[in-house]
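Below is one structure, written out as structure tokens, with a few remarks after it.
In this note's numbering, the protein residues as written are 1 to 339.
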């Protein structure tokens, strides 16, 4: 393995000069620094990560804590886009990604123990049970964290603007003339509450009240539960003219249920999704949805975490909001405008 001393011997400089040149210090003559870097490239020199960590106390390794109750993992298209963009942003800044779990050399531990075992500099946390005591233990530890779509007071987070998303979809349906709007929402998290608040804000503007029986709790990214909820809504005596689904993938269950009931979209009922995954745009009719800016959320989360790692005292507490956009598909139709 090529070492700093080998490069120093070839370039006829001290090991300290080689180290400074490779780490970008400006007190090394420009020509000498370039000669050192060229020599390092020719010899395929790679710095010793362990040695560097001992000197800087930074491993340049970021942990990712990600799981959900439906066990969709990285097949969850929305979160996979977030994590992929976070990975690319982190790599551009010289950081690698390690997934955090609870298995440590064949035994079960905690998320915090695994993060310490892997010596990560910080952890991105997404799509977890944020009330889980092991998650809370990690957030409250000495390891910097950034949560996605959830905020712990006193900590950093990156949030999709869910109030705006719920408002935009609700207002779109109201402008199409819908007044009987059914809602299948995900688990009652802060994300769900914000989306519902946005919808209720739109309804207040139009003087519309959504009956309690039109609000059905489902699960995010769960087509089966959405199918059952759809059947329940469409069997009401005064059934809704539109249904809002918790996400685009969950709508697949609703679509199947409607077909089984002999109903078509949007002729018999208008529908909207949430997330803006490509799948919704290849369906027929194309799904009207709210496209979250997953890529920007990932970039912002990675950049925020690295700023905290490299400047802990000034960057710890902040909530970053990322706006999405309404995608008007063909799954919601006008039934007349009311004033």
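Ideal Cβ positions, reconstructed from N, Cα and C, are used throughout, including at glycine.
Start-to-end residues for the alpha helix (DSSP H) that takes in residue i
i: residue 32; result: 30-42
i: residue 19; result: 15-22
i: residue 117; result: 111-117
i: residue 230; result: 223-234
i: residue 8; result: 4-11
i: residue 79; result: 77-92
Start-to-end residues for the beta strand (DSSP E) that takes in residue i
i: residue 202; result: Looking at the DSSP string, residue 202 is not in any beta strand (DSSP E); the run it does join, the alpha helix (DSSP H), is 190-205.
i: residue 340; result: The requested residue 340 is not part of the displayed model; the chain covers only 1 to 339.
i: residue 270; result: 270-272
i: residue 308; result: Where residue 308 is concerned, there is no enclosing beta strand (DSSP E), although the alpha helix (DSSP H) it sits in stretches over 294-310.
i: residue 63; result: 61-66
i: residue 96; result: 96-99
i: residue 216; result: 215-217
i: residue 290; result: 289-291
i: residue 325; result: 325-327
i: residue 321; result: 319-322
Nearest neighbour of residue i, chosen from the options [CA to CA]
i: residue 83; options: 203, 16 and 158; result: 158
i: residue 295; options: 260, 148, 335 and 65; result: 148
i: residue 247; options: 231, 238 and 278; result: 278
i: residue 94; options: 332, 309 and 334; result: 309
i: residue 321; options: 27, 26 and 146; result: 146
i: residue 153; options: 1, 319, 231 and 179; result: 319
i: residue 340; options: 79, 199 and 205; result: Residue 340 is absent from the model: the chain starts at 1 and stops at 339.
i: residue 137; options: 160, 162, 127 and 109; result: 109
i: residue 281; options: 241, 2 and 252; result: 252
i: residue 231; options: 211, 254 and 215; result: 254
i: residue 43; options: 1, 60, 17 and 77; result: 1
i: residue 218; options: 65, 80 and 189; result: 189
i: residue 45; options: 4, 272 and 80; result: 4
i: residue 140; options: 97, 80 and 111; result: 111
i: residue 196; options: 207, 178, 79 and 215; result: 215
i: residue 224; options: 258, 201, 206 and 205; result: 258
i: residue 177; options: 229, 240 and 97; result: 240
i: residue 78; options: 133, 293 and 151; result: 293
i: residue 65; options: 24, 132, 38 and 193; result: 132
i: residue 267; options: 221, 250, 317 and 335; result: 335
i: residue 40; options: 8, 222 and 16; result: 8
i: residue 107; options: 192, 193 and 117; result: 117
i: residue 187; options: 283, 238 and 220; result: 220
i: residue 238; options: 229, 211 and 250; result: 211
i: residue 183; options: 229, 194 and 297; result: 229
i: residue 206; options: 185, 192, 222 and 179; result: 179
i: residue 283; options: 297, 261, 249 and 194; result: 249
Residues near residue i by beta carbon distance below 7 angstroms, same chain, minus five either side
i: residue 35; result: 11
i: residue 263; result: 234 and 269
i: residue 256; result: 227
i: residue 101; result: 114
i: residue 305; result: 62, 122, 124, 144 and 146
i: residue 381; result: Any question about residue 381 goes unanswered here, given that the chain covers just 1 to 339.
i: residue 202; result: 167, 170, 171 and 174
i: residue 317; result: 154, 155 and 156
i: residue 15; result: 4, 5 and 8
i: residue 303; result: 89
i: residue 191; result: 149 and 162
Spatial neighbours of residue i in its chain, beta-carbon cut-off 8 angstroms, leaving aside the 5 residues before and after
i: residue 291; result: 275, 276, 324, 325, 326 and 327
i: residue 213; result: 236
i: residue 173; result: 181, 242, 244, 270, 272 and 332
i: residue 19; result: 4
i: residue 209; result: 203
i: residue 265; result: 255, 258, 271, 285 and 331
i: residue 96; result: 60, 61, 62 and 90
i: residue 261; result: 231 and 234
Residues near residue i in its chain [Cβ-Cβ closer than 6 angstroms; skip 5 each side]
i: residue 54; result: With a pLDDT of 46 at residue 54, under the threshold of 50, the modelled position of this residue cannot be trusted, and the question is left open.
i: residue 301; result: 86, 124, 146, 148 and 158
i: residue 21; result: 28, 33 and 36
i: residue 99; result: 64
i: residue 135; result: 128
request  = Any chance you could list the alpha helix (DSSP H) runs of at least 4 consecutive residues sitting entirely within the region 138-192, in chain order?
outcome  = Counting whole runs of 4 or more residues, the region 138-192 contains the alpha helix (DSSP H) stretches 162-175.
message = Using a Cβ distance threshold of 8 angstroms, determine whether the region 323-335 contacts the region 273-288, with at least three qualifying pairs required.
response = yes
request  = At 4 residues or longer, and completely inside the region 242-280: list those alpha helix (DSSP H) runs for me, N to C.
outcome  = 248-260
ask   = Are there three or more Cβ pairs, one per stretch, closer than 8 angstroms when the region 18-34 is compared with the region 83-92?
value = Segments in contact, no.
message = Can you confirm whether the region 126-142 touches the region 162-170 when touching is taken to mean that 3 or more C-beta pairs between the two stretches lie within less than 8 angstroms?
response = no
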